[in-house]
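Remarks on the structure that follows.
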Amino acid sequence: MEDLFEAYALAAGAIESLRNEYPRREELLLEYQNLCLDMQAEVVAFLERGPAPHAQQPKDE
Numbered sequence: 001m002e003d004l005f006e007a008y009a010l011a012a013g014a015i016e017s018l019r020n021e022y023p024r025r026e027e028l029l030l031e032y033q034n035l036c037l038d039m040q041a042e043v044v045a046f047l048e049r050g051p052a053p054h055a056q057q058p059k060d061e
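In structure tokens form, the structure reads like this:
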């Protein structure tokens, strides 16, 4: 998951840089925006699944 967050930070930084360019490279900007949306969806799906079975805490007996 850490790699995903790092990739997201890099892509978000690229979006910020691309937005400040003149002339804008709209196609590349859109590509990075879609990449970020895909990564966001991946995190949401991960959170909705909940923790992996091996990561659950043992129940007290």
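Counted from 1, the sequence shown has number 56 at position 56 by our numbering; the numbering is strictly sequential. Even glycine gets a Cβ: it sits at the ideal position worked out from N, Cα and C. Source: prediction; values computed, not measured.
Give every residue of the same chain whose Cβ lies closer than 8 angstroms to the Cβ of residue i, excluding the five residues on either side of it in the sequence, and list them in chain order.
i     : result
Arg25 : Leu18
Ile15 : Leu29, Tyr32, Gln33, Cys36
Tell me which residue opens and which closes the alpha helix (DSSP H) that residue i is part of.
i    : result
Glu2 : 2-19
To the nearest angstrom, how far is it from the Cα of residue i to the Cα of residue j?
i     : j     : result
Tyr8  : Leu47 : 16 angstroms
Asp2  : Gly50 : The residue you asked about is not Asp; residue 2 is Glu in the sequence shown. Their backbone Cα atoms lie some 17 angstroms apart in a straight line.
Asn20 : Ala45 : 32 angstroms
Ala41 : Leu10 : 17 angstroms
Glu61 : Gly13 : For Glu61, the pLDDT reaches just 49, beneath the cut-off of 50, and the residue's location in the model is therefore unreliable, leaving the point undetermined.
Glu6  : Met39 : 11 angstroms
For residue i, does the three-state DSSP call read helix, strand or coil?
i     : result
Tyr32 : helix
Glu61 : Residue confidence is low: Glu61 scores 49 on pLDDT, short of 50, so the model does not pin down where it sits. No coordinate-derived value is stated.
Leu25 : First, the residue type needs correcting, since residue 25 is Arg and not Leu in the sequence shown. Looking at Arg25 - three-state DSSP - the assignment turns out to be coil, as it is neither helix nor strand.
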